[in-house]
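Q: Pasting in a structure now, in structure tokens, and then I'll have a few things to ask.
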Amino acid sequence: MSPGETSAAFLVDHDSLRASHGLDESTFADIRFVGETLSARVPELIEDFYAWLRGFSDFARFFADPRMLQRVKAQQNEYWTDFLAANVDDAYVERRRVIGRTHARIELGLLIYLLAMEFVSAWLRRAIENDERLRARATAALSVRKLIAFDSAVVVDTYGALTAQNLEDHRERLHHVASVMRAVTEGDLERHIDLAGPSDILGLSLNDLVDSLRGVAREMETIAGGDYSAQPSPRSDKDQLGKSLQAMTRALREAAERNDRQMWLAEQETALSQAMSGNPTMRELAQRVLALLCRALSAQVGAQYVAEDGGATLRLAGAYAGASGMREHWRLGEGLVGQVALDKRRIVVTDIPEDGLAIHWGLGQTPPRHLLIFPLLHEGETRGVIELGAIKPFCEKRLAILDFVSSGVGQAISSAEARGRIEQLLEESRAQGEELTAQQEELRQVNDTLEEHTRALELQKENLLATESALRQKAVELERASRYKSEFLANMSHELRTPLNSSLILAKLLVDNRDGNLAPEQIKYAQSIYSAGNDLLVLINDILDLSKIEAGKIELDMETTAISTLLADLERRFEPLAAERRLQFSISVEPGAPDMIETDRQRLQQILSNLLANAVKFTERGGVRLIVRRESAQRVAFVVEDTGIGIAVDQQETIFQVFRQANGGINRKFGGAGLGLSISREFAELLGGALSVRSTPGQGSTFSLLLPLRADGAAALAVRREEPPPSPVAPAPAPISDDRDEITDSRRVALIVEDDPAFAEILRDLARELGFKCIVAGSAGDALTLARRFRPQAVLLDIGLPDQSGLTVLELLKRDPAVRHAPIHVVSMHDYQKVAREMGAVGYILKPAKREQLVSAFRLLEDRLDRDKSILIVEDEGVQRTALMELLSSAGVEIVAVATAEDASREIDARPFDCVVLDLMLPGVSGFEFLERMSRDETRVAPPVIIYTARSLSMDEEQKLRRLSKSIIIKGARSPERLIEETTLFLHQAESKLSPEQQHMLEIARSRDSVLDGRHVLLVEDDVRNIFSLTAVLEREGMTVQIARNGKEALERIDRDPTIDLVLMDLMMPEMDGLAAMRAIREREDKAALPIIALTAKAMPDDRAQCLSAGANDYISKPIDVEKLLSLIRVWMPK
10 MSPGETSAAF
20 LVDHDSLRAS
30 HGLDESTFAD
40 IRFVGETLSA
50 RVPELIEDFY
60 AWLRGFSDFA
70 RFFADPRMLQ
80 RVKAQQNEYW
90 TDFLAANVDD
100 AYVERRRVIG
110 RTHARIELGL
120 LIYLLAMEFV
130 SAWLRRAIEN
140 DERLRARATA
150 ALSVRKLIAF
160 DSAVVVDTYG
170 ALTAQNLEDH
180 RERLHHVASV
190 MRAVTEGDLE
200 RHIDLAGPSD
210 ILGLSLNDLV
220 DSLRGVAREM
230 ETIAGGDYSA
240 QPSPRSDKDQ
250 LGKSLQAMTR
260 ALREAAERND
270 RQMWLAEQET
280 ALSQAMSGNP
290 TMRELAQRVL
300 ALLCRALSAQ
310 VGAQYVAEDG
320 GATLRLAGAY
330 AGASGMREHW
340 RLGEGLVGQV
350 ALDKRRIVVT
360 DIPEDGLAIH
370 WGLGQTPPRH
380 LLIFPLLHEG
390 ETRGVIELGA
400 IKPFCEKRLA
410 ILDFVSSGVG
420 QAISSAEARG
430 RIEQLLEESR
440 AQGEELTAQQ
450 EELRQVNDTL
460 EEHTRALELQ
470 KENLLATESA
480 LRQKAVELER
490 ASRYKSEFLA
500 NMSHELRTPL
510 NSSLILAKLL
520 VDNRDGNLAP
530 EQIKYAQSIY
540 SAGNDLLVLI
550 NDILDLSKIE
560 AGKIELDMET
570 TAISTLLADL
580 ERRFEPLAAE
590 RRLQFSISVE
600 PGAPDMIETD
610 RQRLQQILSN
620 LLANAVKFTE
630 RGGVRLIVRR
640 ESAQRVAFVV
650 EDTGIGIAVD
660 QQETIFQVFR
670 QANGGINRKF
680 GGAGLGLSIS
690 REFAELLGGA
700 LSVRSTPGQG
710 STFSLLLPLR
720 ADGAAALAVR
730 REEPPPSPVA
740 PAPAPISDDR
750 DEITDSRRVA
760 LIVEDDPAFA
770 EILRDLAREL
780 GFKCIVAGSA
790 GDALTLARRF
800 RPQAVLLDIG
810 LPDQSGLTVL
820 ELLKRDPAVR
830 HAPIHVVSMH
840 DYQKVAREMG
850 AVGYILKPAK
860 REQLVSAFRL
870 LEDRLDRDKS
880 ILIVEDEGVQ
890 RTALMELLSS
900 AGVEIVAVAT
910 AEDASREIDA
920 RPFDCVVLDL
930 MLPGVSGFEF
940 LERMSRDETR
950 VAPPVIIYTA
960 RSLSMDEEQK
970 LRRLSKSIII
980 KGARSPERLI
990 EETTLFLHQA
1000 ESKLSPEQQH
1010 MLEIARSRDS
1020 VLDGRHVLLV
1030 EDDVRNIFSL
1040 TAVLEREGMT
1050 VQIARNGKEA
1060 LERIDRDPTI
1070 DLVLMDLMMP
1080 EMDGLAAMRA
1090 IREREDKAAL
1100 PIIALTAKAM
1110 PDDRAQCLSA
1120 GANDYISKPI
1130 DVEKLLSLIR
1140 VWMPK
């Protein structure tokens, strides 16, 4: 037998070897598929391999001759090309055996060979992973690795067989030396040579060799059988065979482990791909993925969440062995699930407490001890999160599958969502298609008719084109004239209102005579100035109204109005005026007169007010009468009769002309500009009616206003076509019927302030069900008037009113001694809850509100009405505690006084209190601590707390207390008066129930406004007269006023002075106007919350919208109503 051949007895059958490695035709098909792409890259593989091989010390020994290196490279190029062709027949196996024999002959170590095969395996795997086409074939990498393992096994088998053959040859050669070794040389490694004696070195050595070979043979058989768990040990430091065998075994074991791990990953990836195939719903996808992962990772419970709302929330899509207590939703960043979604990184938690989610089975349950949470990503975005729980720790090596799961399931979730959207769009498209088909049939029928009309219209078109050009030119000229006129009126309004503003403010200060230093005669002079100024303001408004009518830009708001409500308002206004002139005044409604009318209430009231005002003014004796009767089925008449001077027949049309009166003598005697009747007739015509007069000089006049009961739709539409875009200020809503005419006293009277008629009706009906008499107001002005007239015991208030903010109404009601005791509950769609409660509201509900919430609101108001008031005083000093009890005691108020915070807590737990008066310096638990405990306790509603202390507070302490309490009073000379004022506000206590001394103290407290006193206001105004008058008003209230003459100067002062609390901003100023200044202020981040109230003398409809869009918090027009301005400042002044 030649040295290059091996005996078949030493070789493993290659068919069985191929079967043991799982090689079949599908494996070869995978490798050929890879070979189609990678065969061209074999030279690249060879170059990378030798670059890696140069790091081994044996490289120079084998490849010292460059020609040898080139020959070996060529052979290896053929080897790997042959490998990728995957024609594994007998010739293929023989070529591998030749390699094994060659390696054995040149003594190339098996370790280097195995490491080289591992390098090539890794290189091919990377090439497959980097190629999208190859990566799509899930089993390609596994098949390549199987064939490499088969090649390695053949080479190693041949290598071992040749080694055994060499030993046998050596034994035959030794037979000639010692015949006693024949049995051993025949391959019987179980026999030993009988030693010739203790010095028989050859025998000893040969026996040792036999023993060694027998051990090597057993280990090689174990390795050849695929068992790499053996741990062969070298017999000595020079045992190269033992070392090589040990290294080979370790390398084969690691390679087998990697191979098993890769095969497991490939199997799991294949299974997961199959689970996600088809078109599963989101729930089906979650159930499939969780079932597979729980089996693969030995988890016992799991849940999958999917991202919704653009990734802001996570919804439970499915669970594996889940319990009913599993949470359905998580927000981004909330809990571990939300945090994993936010960080896009997995979390493994161990040693979980036993009180969490349990794993259930038929005989019991146990909590998971280990938790795995990882994100599902697609294109860098979180598409979902999977949470798995297990009793035993997760295998770190198996967690390698999570990368594939994260991207694969994330893409599947995106696909499922996309399918859902596509199905929805398809359904919508199908419905639209059916609708379009029906419409096309209708259009076809209409088209026939239109063709006939088209021919007629073409004839008209030629005529219309002739006139269109002329009309277009005329429209341009009219638009230009209208714009010039509007600009002129706006400027004139500003020029007239600016000086009038300062005059009215200063006159009002003189009329109020707060300092008491004016004589009665001087006060009368001031009243005359104030009255004349208001008359001039009426004249300016009349001129503006007349100009709007002429321009066709009057806005009509047609609404259903109760005539009785309108008449009641007129009676309240004109009855005192008539009584002052000693005239009789009456309003009568004839039988059959309608109850309601659909019209513009504001314009109708303006017409009737003008007629009644003229009747009272031009009547010196006798009386004035307003009659309402039905003129016809569809028309109503409002008739104003007086016994005044009368009008001559030839003057009865003249009086309706602009700036015209009956004669000059009348003008000089009674005053007036002659605009009222002209405006009234224009309004009457706009409303679809007519205004006429009958009169006899010396006997009186009768003015008749005829109006339709329902608005003429065509007329209203015609008017609106010429209107400019509506002002963002909503018109006052139509009132609804209420109980004002049936109220005899104020007991159980509720005032409902709501501009939505439908919601107002709901509140009215609910109030009646609960036993209240109900008054309804649709605006802030009506609310204040009705509150002062009827003095309700309870108020339900909306914030978004058409004329003023409901917060202003709340502030004015709480400052009015007649009604401040009435509890006010806010029901609004705007969330000003903190501000409203600080101003004294007892409750706050956000719209839309349920009936149960509204009932609770009325019950809360009832509770405030029915039960006695109670105050809790917390003061450790006995004398001071007694003094406070005496100070606050009054009828219907129970006072409980304690010395410690612990006692106070027990009292609050035992019963409700309307108010708590708290000292800060308490023994044991301090007042600060007590407040913080109450704020943290969510199981009870804490009563309002008033801090009453002698302690000096730092800025940080004051800010902290402002957040936790309603008011802070530092003990001093005026502190008792402040305390009386604050407690009566929270007790909702009528002042009439206070003692005379307490009422006097309350009057002293109000003489100085605590909200305004000491605050800093920046007044931005260029007119010296307005600066003087407004500064006087503000400084009188205790405010410090800084002046800026234009917007630029205002910005400099705001940047320089951080103590400014509020800004009053005029609009029309030089250098930088108010709008630009407000925008600049809002651009400063630290001034975003600085309150700004805009002041303007312009009266155009879009002024308010411009101010608010520029950054103003509120808006007031000149001439400024001082009380309204102070109310706005109180509302917006930072607390």
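Position one of the sequence shown corresponds to residue 10 (my numbering), numbered consecutively onward.
We put the beta carbon where it would ideally sit given N, CA and C, even for glycine.
Can you tell me the Cα-Cα spacing of R677 and I538, whole angstroms?
A: As a first step, residue 677 must be located in the sequence shown, where it is residue number 668. As a first step, residue 538 must be located in the sequence shown, where it is residue number 529. Since pLDDT at R677 reaches only 34, below the 50 mark, its modelled position is unreliable, and the value read off the structure follows with that caveat. Answer to the nearest angstrom: the Cα atoms are 19 Å apart.
Q: What is the DSSP secondary structure of G933, counted as helix, strand or coil?
A: Here residue 933 refers to the residue found at position 924 of the sequence shown. Correct three-state label for G933: coil.
Q: How is the beta strand (DSSP E) around P717 delimited, first residue to last?
A: By 1-based counting over the sequence shown, the position of residue 717 is 708. Looking at the DSSP string, the run of the beta strand (DSSP E) that includes P717 is G709 to P717.
Q: Quick one, are the C-beta atoms of P801 and A845 less than 8 Å apart?
A: Mapped onto the sequence shown, residue 801 falls at position 792. Mapped onto the sequence shown, residue 845 falls at position 836. Their beta carbons are not under 8 Å apart, which means P801 does not touch A845 by this criterion.
Q: Taking the alpha carbon of V315 as the reference point, which residue from T391, R297 and L26 has its own alpha carbon closest?
A: Walking along the sequence shown from the start, residue 315 turns up at place 306. The candidate whose alpha carbon is nearest that of V315 is T391.
Q: With a threshold of 8 Å on Cβ separation, who are the neighbours of L325 within its own chain once the five nearest residues in sequence on each side are excluded?
A: By 1-based counting over the sequence shown, the position of residue 325 is 316. The answer, listed in chain order, is A312, Q313, Y314, M335, R336, E337 and H338.
Q: Tell me which same chain residues have a C-beta within less than 6 Å of the C-beta of A95, skipping the five on either side of it?
A: Position 86 of the sequence shown, counted from the first residue, corresponds to residue 95. Excluding residues within five positions, the ones whose Cβ falls inside 6 Å are F37, I40 and R41.
Q: Do three or more CB pairs link the segment 154-173 to the segment 44-60 at distances below 8 Å?
A: The segment 154-173 vs the segment 44-60: no contact.
Q: Could you check the C-alpha separation between D651 and T711 for me, to the nearest Å?
A: As a first step, residue 651 is located in the sequence shown; it is residue number 642 there, counting from the start. As a first step, residue 711 is located in the sequence shown; it is residue number 702 there, counting from the start. Each residue's alpha carbon lies about 7 Å from the other.
Q: Threshold first: 3 residues or longer. Then list the beta strand (DSSP E) segments lying entirely within the segment 588-659, N to C.
A: The segment 588-659 contains these whole beta strand (DSSP E) runs: 593-598, 605-609, 632-641 and 644-651.
Q: Given a threshold of 16 other Cβ atoms within 10 Å of its Cβ, counted over all protein chains shown, does H30 qualify as buried or as exposed?
A: Your numbering for residue 30 matches position 21 in the sequence shown. So H30 counts as buried.
Q: So, with DSSP's three-state summary, where would you put D352?
A: As a first step, residue 352 is located in the sequence shown; it is residue number 343 there, counting from the start. Note: D352 maps to helix in three-state DSSP.
Q: What would DSSP say about L88, mapped onto helix, strand or coil?
A: On the sequence shown, residue 88 is found 79 positions in, with the first residue counted as 1. According to the sequence provided, residue 88 is Tyr. The question's Leu does not apply to it. Helix.
Q: Starting from the C-beta of Q277, find all residues in its chain whose C-beta is less than 7 Å away, skip the five residues before and the five after it, and write them out in chain order.
A: Position 268 of the sequence shown, counted from the first residue, corresponds to residue 277. Excluding residues within five positions, the ones whose Cβ falls inside 7 Å are A305 and I410.
Q: Return the CA-CA distance between T458 and L863, expressed in angstroms with no decimal places.
A: By 1-based counting over the sequence shown, the position of residue 458 is 449. By 1-based counting over the sequence shown, the position of residue 863 is 854. So the alpha carbons of these two residues sit roughly 57 Å apart.
Q: What residues in its chain sit with their C-beta under 7 Å from that of K406, if we drop five residues either side in the sequence?
A: Residue 406 sits at position 397 when you count from the first residue of the sequence shown. Excluding sequence neighbours, K406 sits near R270.
Q: Nearest CA to the CA of L47: which residue from A136, E584, V346 and R719?
A: The residue labelled residue 47 in the question sits at position 38 within the sequence shown. For the residues A136, E584, V346 and R719, the minimum Cα distance to L47 belongs to A136.
Q: G327 and R292 look like a contact to me (Cβ under 8 Å); what is the Cβ gap, rounded to whole Å?
A: Start at 1 with the first residue of the sequence shown, and residue 327 comes out as number 318. Start at 1 with the first residue of the sequence shown, and residue 292 comes out as number 283. Right, the Cβ-Cβ distance comes to about 5 Å (below 8 Å), so this counts as a contact.
Q: How would you write the range of the alpha helix (DSSP H) that M1087 sits in, first residue to last?
A: To locate residue 1087, count along the sequence shown from 1; it is residue 1078. Taken as a continuous stretch (DSSP letters only), the alpha helix (DSSP H) holding M1087 covers G1083 to E1092.
Q: Return the first residue and the last residue of the beta strand (DSSP E) that F781 is part of.
A: Translated into positions along the sequence shown, residue 781 becomes position 772. F781 -> no beta strand (DSSP E), and no H or E assigned at all.
Q: Opposite R703 in the DSSP bridges: which residues?
A: One-based indexing of the sequence shown puts residue 703 at position 694. Answer by DSSP bridge pairing, in chain order: T711.
Q: Could you check the C-alpha separation between A1086 and T958 for me, to the nearest Å?
A: Locating residue 1086 in the sequence shown gives position 1077, counting from the first residue. Locating residue 958 in the sequence shown gives position 949, counting from the first residue. So the two alpha carbons sit approximately 42 Å from each other.
Q: Measure from the alpha carbon of L793 to the alpha carbon of each residue in L869, E903, L929 and D825, then state which is nearest.
A: Translated into the one-based positions of the sequence shown, residue 793 becomes position 784. Taking only the C-alpha atoms, the option nearest L793 is D825.
Q: What is the residue span of the beta strand (DSSP E) that F383 lies within?
A: Mapped onto the sequence shown, residue 383 falls at position 374. Counting along the chain, the beta strand (DSSP E) containing F383 begins and ends at H379 to H387.
Q: If you run the structure through DSSP and keep just helix, strand and coil, what is T359?
A: Taking the sequence shown and counting its residues from 1, one reaches residue 359 at position 350. In the structure shown, T359 sits in a strand (DSSP, three-state: E or B).
Q: Rounded to a whole number of angstroms, what is the C-alpha to C-alpha distance between T1105 and Q1115?
A: Taking the first residue of the sequence shown as 1, we reach residue 1105 at position 1096. Taking the first residue of the sequence shown as 1, we reach residue 1115 at position 1106. Computed Cα separation, rounded: 11 Å.
Q: Within 10 angstroms of the Cβ of A982, are there 16 or more other Cβ atoms? Answer buried if so, exposed if not.
A: Walking along the sequence shown from the start, residue 982 turns up at place 973. Low local confidence applies: a pLDDT of 36 at A982 is under 50, so the model's placement there is unreliable, and no value is given.
Q: Select from L576, L294 and A516 the residue whose C-alpha is nearest the C-alpha of I636.
A: By one-based count along the sequence shown, residue 636 stands at place 627. For the residues L576, L294 and A516, the minimum Cα distance to I636 belongs to L576.
Q: Do D812 and S788 come within 8 Å of each other at the CB atom, strictly closer than that value?
A: Translated into the one-based positions of the sequence shown, residue 788 becomes position 779. Translated into the one-based positions of the sequence shown, residue 812 becomes position 803. Their beta carbons are under 8 Å apart, which means S788 touches D812 by this criterion.
Q: Less than 8 Å separating the beta-carbons of D1095 and G1083?
A: Residue mapping note: residue 1095 aligns to position 1086 of the sequence shown, counting from 1. Residue mapping note: residue 1083 aligns to position 1074 of the sequence shown, counting from 1. Result no, Cβ atoms of D1095 and G1083 do not sit closer than 8 Å.
Q: Look at V418 and V298 and say whether their C-beta atoms are less than 8 Å apart.
A: By one-based count along the sequence shown, residue 418 stands at place 409. By one-based count along the sequence shown, residue 298 stands at place 289. Contact: yes.
Q: Assuming L151 and V43 form a contact by the criterion Cβ under 8 Å, report the distance between their Cβ atoms to the nearest whole angstrom.
A: Indexing the sequence shown from 1 puts residue 151 at position 142. Indexing the sequence shown from 1 puts residue 43 at position 34. Not confirmed; about 11 Å, so no contact.
Q: Leaving out five residues on either side along the sequence, give the residues of the same chain with a beta carbon under 6 Å from the beta carbon of I654.
A: Position 645 of the sequence shown, counting from 1, holds the residue named residue 654. F627.
Q: Counting along the chain, where does the beta strand (DSSP E) carrying V1146 start and finish?
A: In the structure as shown, the chain starts at 10 and stops at 1144, and residue 1146 therefore has no counterpart that could be examined.
Q: Among G1047, M1048, K1057 and V1042, which one has its Cα closest to the Cα of D1031?
A: By one-based count along the sequence shown, residue 1031 stands at place 1022. Of the listed residues, the one whose Cα sits closest to D1031 is K1057.
Q: Where does R800 sit, in a helix, a strand or coil, going by DSSP?
A: As a working mapping, residue 800 is identified with position 791 in the sequence shown. Of the three classes helix, strand and coil, the one that applies to R800 here is coil, per DSSP.
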